[in-house]
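Just so you know, the sequence shown maps onto residues 114 to 570 in this note's numbering.
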Amino acid sequence: MKTHELMEKIISLSKRRGFIYPGSEIYGGLAGSYDFGPLGSMLKKNIKDSWWRFFVENRTDMYGLDSAIILSPSVWQASGHAAGFVDPLVEDLKTNKRYRADHILEDLNFDIKGKTVEEMSQIIKDHGVKSPEGNPLGEVRTFNMMLETQLGAVQDAKSKTFLRPETAQGIFVNFKNIVDTFSPKVPFGVGQIGKAFRNEIAPKDFIFRGREFEQMEIEYFIREEDWEKEFMYWKDEMLEWMGTIGLDMNHVHELEVSAEDRAHYSKRTIDFEFDYPFGRKELYGLAYRGSYDLSKHMEGSGEKLQILDQEKNEWFTPHVIEPSFGVERTLLALLVSAYREEEIDGEVRTYLALHPNIAPIKIAVSPLLRNKPELVEKAKEVFGVLKREFGNVSWDDNGNIGKRYRRQDEIGTPFCLVIDFDSLEKGDVTVRDRNTTHQERVSIDSLIPYFKEKFSL
114 MKTHELMEKI ISLSKRRGFI YPGSEIYGGL AGSYDFGPLG SMLKKNIKDS WWRFFVENRT
174 DMYGLDSAII LSPSVWQASG HAAGFVDPLV EDLKTNKRYR ADHILEDLNF DIKGKTVEEM
234 SQIIKDHGVK SPEGNPLGEV RTFNMMLETQ LGAVQDAKSK TFLRPETAQG IFVNFKNIVD
294 TFSPKVPFGV GQIGKAFRNE IAPKDFIFRG REFEQMEIEY FIREEDWEKE FMYWKDEMLE
354 WMGTIGLDMN HVHELEVSAE DRAHYSKRTI DFEFDYPFGR KELYGLAYRG SYDLSKHMEG
414 SGEKLQILDQ EKNEWFTPHV IEPSFGVERT LLALLVSAYR EEEIDGEVRT YLALHPNIAP
474 IKIAVSPLLR NKPELVEKAK EVFGVLKREF GNVSWDDNGN IGKRYRRQDE IGTPFCLVID
534 FDSLEKGDVT VRDRNTTHQE RVSIDSLIPY FKEKFSL
């Protein structure tokens, strides 16, 4: 299957089956905006729950946080975002449409890593690069990506602030609170899941690049001398979690970010890239941020953001390892990893081979016939037991069994369970495996341990 065809099929399935809808669709849509439907919201929740368990709940050195979306403007001044959180913008001189200059040049296979806006302007001039509409382009300029907003009734310079472009700064400004409240010992980390916003010039590639998105981030506070050891440890942790949620690890690649491309305060950064249908793009990031953020906020706030070394009886500023994950990019990578097509008896069967612990629906329960009260009653009894135990269990009596199987396959349900007339006599049911389509009889009394074993694989 060609890559562009795969992307079109994933987008179509996402809309048709209630994973992802275009934002504000009945009003013509809004660029870079998407709504997550019943199945998409469940899939997002499962991704976030898995991340939270793995990186926060199951550890003794991690603290959770849910910081505000709107922070004091001083936070963004101190962190450098107000002055330096920029993208290169270029304008079509005929239509006045604006584009990301780096995206235009990258699509034409120009190497623009580390290039300044002046150098990108020169490339456009030297090579006669045109806009997507074929028109001349102007000079490349910097464009601050933070979304502005106003606080209070009076709109003036003092009321201007921003929607956060990342969740990390909320962790840094709460560093003192967590230290004062819990007295953690270094190393320790703070994990957070939350919304972030960027005024993208040209959102594109479905949900990969939007103006509103969710991040799952950790700031792990360490001693400077331990940074290399801790960096490698967190690299391995990230790779392990990717495998547990079902990403196709053959599509995951590590990119060592060069000195000229990484942040000036970082000694090492790795981008985990994924082979999306539209190209190899950044999925996650792992950065060693040094003591830059805490030092900047100490300067800006006048507060001591340090920890007392009990043995040496001296204060020190911890350094930071930052593993950063995008929820939407994870979800899209999972759909790409899980999408399958196969031909059975001359018909194409489409299914999502999602891991049972990530799939929106774990089990679908059906009576063989919806017009037989005895089958429906027994099926509802079994459904209630499984629903209480596993949560994400659905009832499906719409259409014949074949249509139910195809529908559940498309949304990634790992197991379909059917109550038939033998179930009434023998106390067992038919369980169908999504990936293999294999069916087996399982006693009703053993369904809970049966599925627990399946979900643990």
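Glycine included, every Cβ here is placed at the ideal spot set by N, Cα and C.
Run of the alpha helix (DSSP H) containing residue i, from where it starts to where it stops
| i | result |
| --- | --- |
| THR443 | 440-451 |
| PRO201 | That residue, PRO201, is in no alpha helix (DSSP H); its beta strand (DSSP E) goes 199-204. |
| VAL188 | 186-192 |
| GLY351 | First, the residue type needs correcting, since residue 351 is Met and not Gly in the sequence shown. Unbroken alpha helix (DSSP H) run through MET351: 340-358. |
| PRO562 | 560-569 |
| GLU231 | 230-240 |
| THR116 | 116-129 |
| ASN505 | Run containing ASN505: none; DSSP gives neither H nor E here. |
| GLY177 | No alpha helix (DSSP H) contains GLY177, which is instead part of the beta strand (DSSP E) from 175-178. |
Beta-carbon proximity of residue i to residue j, cut-off 9 Å
| i | j | result |
| --- | --- | --- |
| LYS289 | PRO186 | no |
| PRO473 | MET155 | yes |
| ILE133 | ASP148 | yes |
| GLU435 | LEU399 | yes |
| LEU126 | TYR452 | yes |
| CYS529 | ASP510 | no |
| VAL299 | ILE420 | yes |
| GLU350 | PHE168 | yes |
| ASP374 | GLY193 | no |
| VAL286 | ARG254 | no |
| ILE284 | GLN305 | yes |
| ASP220 | ARG211 | no |
| ASP522 | TYR563 | no |
| VAL506 | ALA492 | no |
| ILE225 | VAL203 | no |
| PHE391 | HIS216 | no |
| TRP347 | SER163 | no |
Closest Cα partner of residue i within the set the options
| i | options | result |
| --- | --- | --- |
| GLY439 | ARG129, ARG453 and PHE326 | PHE326 |
| ALA214 | GLU395, HIS240 and LEU250 | LEU250 |
| GLY153 | THR173, ILE123 and ARG547 | ILE123 |
| ILE291 | PHE256, TYR333 and GLU231 | TYR333 |
| VAL365 | LYS500, SER296, GLY304 and VAL449 | VAL449 |
| LYS512 | LEU481, VAL286, THR116 and PRO135 | Here residue 512 turns out to be Gly, not Lys, going by the sequence shown. Of the listed residues, the one whose Cα sits closest to GLY512 is LEU481. |
| GLN282 | GLN328, ALA266, GLU261 and ASP422 | GLN328 |
| SER296 | LYS238, MET355, LYS567 and ASP422 | ASP422 |
| ILE514 | THR543, LEU499 and GLU502 | THR543 |
Any non-hydrogen atom of the ligand SAM within 8 Å of residue i CB
| i | result |
| --- | --- |
| LEU156 | Within the structure as shown, the ligand SAM is missing, as the structure has no ligands at all. |
Range of the contiguous beta strand (DSSP E) that encloses residue i
| i | result |
| --- | --- |
| TYR212 | 211-213 |
| GLY398 | 392-403 |
| TYR378 | Here TYR378 belongs to no beta strand (DSSP E), and DSSP marks it neither H nor E. |
| ASP541 | 541-546 |
| SER137 | No beta strand (DSSP E) holds SER137; DSSP gives it neither H nor E. |
| LYS101 | Residue 101 lies beyond the range of the chain shown here (114 to 570); nothing can be said about it. |
| ALA309 | 301-310 |
Exposed unless 16 or more other CB atoms sit within 10 angstroms - verdict on residue i
| i | result |
| --- | --- |
| GLN235 | exposed |
| HIS240 | exposed |
| PHE321 | buried |
| LEU264 | exposed |
| ILE139 | exposed |
| THR280 | buried |
| ASN222 | exposed |
| HIS410 | buried |
| ALA266 | exposed |
| ALA309 | buried |
| ASN363 | exposed |
| LYS257 | In the sequence on display, residue 257 carries Asn and not Lys. Buried: at least 16 other Cβ atoms inside 10 Å. |
| request: May I ask you to verify whether the segment 358-375 touches the segment 413-432, counting CB pairs closer than 8 Å and requiring at least 3? | output: no
| At least three beta-carbon pairs within less than 8 Å, the segment 373-390 to the segment 413-421 | no
| task | Take every Cβ of the segment 136-143, pair it with every Cβ of the segment 237-247, and state whether three or more of those distances are shorter than 8 Å. | result | no
| request: Assess, as a yes-or-no matter, whether the segment 476-492 is touched by the segment 359-366 under the definition of 3 or more beta carbon pairs within less than 8 Å. | output: no
| field | Any 3 or more C-beta pairs closer than 8 Å across the segment 555-570 and the segment 521-541 | value | yes
| field | Stretch-stretch touch, CB-based, cutoff 8 Å, three pairs: the segment 453-461 with the segment 343-354 | value | no
| Between the segment 311-323 and the segment 177-193, do at least 3 Cβ pairs fall closer than 8 Å? | no
| query | Quick one: any contact between the segment 169-188 and the segment 460-480, if contact means 3 or more CB pairs under 8 Å? | reply | no
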